[in-house]
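Undergrad: Counting from 1, one number per residue, gives the positions in the sequence shown under the UniProt record's numbering.
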Amino acid sequence: MSRDAGRLLNEEADAEEGTSPPRRPFTARGSFVVRCDECRLPALNCLCPYRVAVVSHARFWLITHRLEHYKPTNTGRLIGDCLTHTETFTWSRTEPDPRLLERLADPRFQPFLVYPDDQSDYAERVVTALEDHRDEGRIPVFVLLDGTWRQARKMFRQSPYLQQLPIVALRSDRVTRYHLRKPSSPHHLCTAEVAAELLRLNHEPGPAAVLDDYFEAFNDCYAASRVHRRLHEDTPAMARLRARHAFADEAGGYTGE
Numbered sequence: 001m002s003r004d005a006g007r008l009l010n011e012e013a014d015a016e017e018g019t020s021p022p023r024r025p026f027t028a029r030g031s032f033v034v035r036c037d038e039c040r041l042p043a044l045n046c047l048c049p050y051r052v053a054v055v056s057h058a059r060f061w062l063i064t065h066r067l068e069h070y071k072p073t074n075t076g077r078l079i080g081d082c083l084t085h086t087e088t089f090t091w092s093r094t095e096p097d098p099r100l101l102e103r104l105a106d107p108r109f110q111p112f113l114v115y116p117d118d119q120s121d122y123a124e125r126v127v128t129a130l131e132d133h134r135d136e137g138r139i140p141v142f143v144l145l146d147g148t149w150r151q152a153r154k155m156f157r158q159s160p161y162l163q164q165l166p167i168v169a170l171r172s173d174r175v176t177r178y179h180l181r182k183p184s185s186p187h188h189l190c191t192a193e194v195a196a197e198l199l200r201l202n203h204e205p206g207p208a209a210v211l212d213d214y215f216e217a218f219n220d221c222y223a224a225s226r227v228h229r230r231l232h233e234d235t236p237a238m239a240r241l242r243a244r245h246a247f248a249d250e251a252g253g254y255t256g257e
């Protein structure tokens, strides 16, 4: 990695956030690999054949750290690939996205901020039972802070417009299956895994299973491409996604379970 690229990925990650995007795209290891324009994975193992769109009752709004947009290992975008109505907003400390502020003020939606409940200063905002706080006349929305743990903490603390939202602290015994970045704990799930668990929490196992399979296909395709190995056979998750894709083509568009 060049000295300038290292400065972009390390020093800028901890700098004060501005409103403009990064000055250049992702330039770390793998930046010169030939990639699919749609899925951003190496063309050697494109993910596009496994992409299936489903509809869930709960929606997801991703507030994404600007450095994550250019990282091909980012899993937040997998949520938007699978789940219709997913929206992504770039986080800014000084100028929040007006679209996000409009969504937060829209009475049709009932947003919940997904964040750990390990600090006492916001304990009164933590929702212990989602059903007890749900308004049946409104659409539940899970707001995800899409970035590293360090970035997510900064986004949480420096976003006044999120300070009134109830907090859902996801508790899961699952061990992460994400092997493209090293987590600080095996129980720290990546963004796509968190979304799948939230769908199960919302009693939507069908869309959760699709997102799980898509994430697994992403993991396998990317891992194989890193060692320049082409996958010649589908994994079970890939086979299930292909079957759903074929069903969608026959039905004129797959819309969930």
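Just so it is clear, CB atoms sit at the ideal spot from N, CA and C, and this is done for glycine as well.
Fair warning: this is a prediction, and the values are worked out from it, not measured in the lab.
1) Can you list the alpha helix (DSSP H) stretches of 4 or more residues lying completely in the region 43-124, in chain order?
2) Among residues of its own chain, excluding the 5 on either side of GLN158, which ones have a beta-carbon nearer than 7 Å to its beta-carbon?
3) Which residue from ALA53, GLU95, ASP135, HIS245 puts its Cα closest to that of residue 296?
4) In its own chain, which residues sit with a C-beta less than 8 Å from the C-beta of PRO21, not counting the 5 before and 5 after it?
5) Return the CA-CA distance between THR75 and ALA192, expressed in angstroms with no decimal places.
6) Between which two residues does the beta strand (DSSP E) holding PRO140 run?
7) Look at VAL114 and VAL210 and say whether their C-beta atoms are less than 9 Å apart.
8) Rounded to the nearest angstrom, how far is the Cβ of THR84 from that of THR64, given a contact under 8 Å?
9) Whole angstroms are fine: how far does the CA of VAL227 sit from the CA of PHE142?
10) Taking TYR50 as the reference, give the member of LEU180, ASP213, THR86 with the closest Cα.
11) With a threshold of 6 Å on Cβ separation, who are the neighbours of LEU44 within its own chain once the five nearest residues in sequence on each side are excluded?
12) Please return the same chain residues whose Cβ sits closer than 6 Å to the Cβ of TYR178, not counting the five positions on each side in sequence.
13) In whole angstroms, what is the alpha-carbon distance linking LEU144 and ILE167?
14) Can you list, in chain order, the residues of its chain with a C-beta nearer than 7 Å to that of CYS36? Leave out the 5 residues immediately preceding and following it.
15) Looking at the structure shown, is ARG35 part of a helix, part of a strand, or coil, going by DSSP?
16) Relative to the alpha-carbon of PHE218, which residue among TRP61, LEU78, LEU62 has its alpha-carbon at the smallest distance?
17) Applying the criterion that 16 or more other CB atoms from any shown protein chain within 10 Å of the CB defines a buried residue, is TRP61 buried or exposed?
18) Whole angstroms are fine: how far does the CA of ASP117 sit from the CA of ARG99?
19) Assign ALA129 to one of two classes, buried (16 or more other C-beta atoms within 10 Å of its C-beta) or exposed (fewer than that).
20) Among GLU95, PRO140, PRO205, which has the Cα closest to the Cα of THR86?
21) If PRO72 and ARG108 are in contact, beta carbons under 8 Å, what's the gap, nearest whole angstrom?
22) In the structure shown, what three-state DSSP assignment does VAL127 receive?
23) Hey, out of ARG181, SER56, ASP81, whose CA is closest to GLU38's CA?
24) Look up VAL175 in the DSSP assignment and say whether it is helix, strand or coil.
TA: A quick look at the data gives this:
1) 76-82, 98-105
2) In the sequence shown, residue 158 corresponds to position 158, counting from 1. These residues qualify, in order along the chain: ARG93.
3) Beyond the ends of the chain as shown, which are 1 and 257, falls residue 296; an answer cannot be given.
4) Within the sequence shown, residue 21 is the residue found at index 21, counting from 1. Only weak support exists for where PRO21 lies, its pLDDT of 46 falling under 50; the coordinates are left without a value.
5) Within the sequence shown, the letter at position 75 stands for residue 75. Within the sequence shown, the letter at position 192 stands for residue 192. Distance between the alpha carbons of THR75 and ALA192: 5 Å.
6) In the sequence shown, counting from the first residue as 1, residue 140 sits at position 140. Residues 139-146.
7) As a first step, residue 114 must be located in the sequence shown, where it is residue number 114. As a first step, residue 210 must be located in the sequence shown, where it is residue number 210. Going by C-beta atoms, VAL114 is not nearer than 9 Å to VAL210.
8) Here residue 84 corresponds to residue number 84 of the sequence shown, with the count starting at 1. Here residue 64 corresponds to residue number 64 of the sequence shown, with the count starting at 1. Wrong, their Cβ atoms sit about 18 Å apart, outside the cutoff.
9) Within the sequence shown, the letter at position 142 stands for residue 142. Within the sequence shown, the letter at position 227 stands for residue 227. Spanning the two alpha carbons is a distance of roughly 35 Å.
10) Residue mapping note: residue 50 aligns to position 50 of the sequence shown, counting from 1. Checked all of LEU180, ASP213, THR86; the closest Cα to TYR50 is ASP213.
11) Working through the sequence shown from its first residue, we reach residue 44 at position 44. Excluding residues within five positions, the ones whose Cβ falls inside 6 Å are SER225, ARG230.
12) The sequence position of residue 178 within the sequence shown is 178, counting from 1. Excluding sequence neighbours, TYR178 sits near CYS190.
13) One-based indexing of the sequence shown puts residue 144 at position 144. One-based indexing of the sequence shown puts residue 167 at position 167. Rounded to whole angstroms, LEU144 to ILE167 spans 11 Å at the Cα level.
14) The residue labelled residue 36 in the question sits at position 36 within the sequence shown. Only ALA43, CYS46, CYS48 meet the Cβ criterion.
15) Along the sequence shown, read from residue 1 onward, the residue named residue 35 stands at position 35. Correct three-state label for ARG35: strand.
16) Residue 218 sits at position 218 when you count from the first residue of the sequence shown. PHE218 has its Cα closest to that of LEU78, out of TRP61, LEU78, LEU62.
17) In the sequence shown, counting from the first residue as 1, residue 61 sits at position 61. Counting the other Cβ atoms within 10 Å of the Cβ of TRP61 gives 16 or more, which makes it buried.
18) Working through the sequence shown from its first residue, we reach residue 99 at position 99. Working through the sequence shown from its first residue, we reach residue 117 at position 117. Going from the Cα of ARG99 to the Cα of ASP117 covers about 27 Å.
19) Here residue 129 refers to the residue found at position 129 when the sequence shown is read from its first residue. Exposed, by the Cβ-count rule.
20) On the sequence shown, residue 86 is found 86 positions in, with the first residue counted as 1. Answer by Cα proximity: PRO140.
21) Here residue 72 refers to the residue found at position 72 of the sequence shown. Here residue 108 refers to the residue found at position 108 of the sequence shown. Not a contact, Cβ separation roughly 34 Å.
22) On the sequence shown, position 127 is the one that residue 127 refers to. DSSP places VAL127 in the strand class (E or B) of the three-state scheme.
23) As a working mapping, residue 38 is identified with position 38 in the sequence shown. Nearest option by C-alpha distance: ASP81.
24) What you label residue 175 is simply residue 175 of the sequence shown in a count that begins at 1. Correct three-state label for VAL175: coil.
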